[in-house]
Amino acid sequence: MELVIKKYQELTSDELYEILKVRAEVFVVEQHCVYQDMDNLDQCAVHIYLRDDDGIQAYLRVIEPGKAGEDVVIGRVLSKKRRCGLGTEIVSAGIEVAKSRMHASKIRIAAQTYVRSLYENIGFKQSSEEFMEDDIPHIEMILSMD
Numbered sequence: 001m002e003l004v005i006k007k008y009q010e011l012t013s014d015e016l017y018e019i020l021k022v023r024a025e026v027f028v029v030e031q032h033c034v035y036q037d038m039d040n041l042d043q044c045a046v047h048i049y050l051r052d053d054d055g056i057q058a059y060l061r062v063i064e065p066g067k068a069g070e071d072v073v074i075g076r077v078l079s080k081k082r083r084c085g086l087g088t089e090i091v092s093a094g095i096e097v098a099k100s101r102m103h104a105s106k107i108r109i110a111a112q113t114y115v116r117s118l119y120e121n122i123g124f125k126q127s128s129e130e131f132m133e134d135d136i137p138h139i140e141m142i143l144s145m146d
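For the sequence shown, full-length UniProt numbering gives the first residue as 1, with consecutive numbering after it.
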């Protein structure tokens with residue numbers, strides 16, 4: 001499995017196409033969620049993905065502080081293969097990028113409630129009541145590096 005870390009401006013058109021395609025496959029088709037994926041935050045994010053011979057298997061983006069709130073935000077987290085460690089691996093890579101490139105002292109994520117334990121096992125703490133986002137239950141979670 002190859003780990004790729006690139007700013008938006010470093011992505012090739014083929015990489016961006018594959019990222020948008022896998023996000024649509026998971027969030028729109030698989031989860032039956034019609035939402036506006038292109039939200040003008042990709043341009044101020046670092047994109048991280050794990051790929052093998054079959055393409056992108058896990059992905060997330062790390063958004064610079066001040067662009068989606070005052071903290072660094074990790075979002076669009078996905079893993080095509082479930083329960084094999086890819087989710088933990090990709091989130092851990094995102095945390096490392098947030099610390100090393102963005103000097104984050106805190107990372108925020110709006111997590112789908114059903115994957116709360118994945119984030120809790122990494123150190124995130126629930127910081128909100130459950131809320132609906134695009135008809136899917138979510139909770140806000142914070143990881144403090146202090």
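C-beta atoms are modelled at their ideal positions from N, C-alpha and C, and glycine is treated no differently.
Please read all numbers here as calculations on a predicted model, not as lab measurements.
Taking C-alpha positions only, GLU30 is separated from LYS125 by approximately 27 angstroms.
Distances from the alpha-carbon of ASP39 to those of ILE48, ARG23, ASP54 and LEU50 put ARG23 closest.
A buried status is given to TYR59, since no fewer than 16 other beta-carbon atoms sit within 10 Å of its beta-carbon.
Boundaries of the alpha helix (DSSP H) harbouring ASP14: 13-23, taken from the DSSP string. In the DSSP secondary-structure assignment, SER144 is bridged to LYS106. Sixteen is the threshold: when 16 or more other Cβ atoms of the shown chains lie within 10 Å of the Cβ of MET141, as they do, the residue is buried. A distance below 9 angstroms separates the beta carbons of ILE74 and ILE109. Counted as a single uninterrupted DSSP element, the beta strand (DSSP E) harbouring SER79 occupies residues 72-79. By the 16-neighbour rule on beta-carbons within 10 angstroms, SER13 is exposed. If you check the CB distance, MET102 and VAL77 do not come in under 9 angstroms. In the structure shown, the three-state DSSP call for ARG101 is helix.
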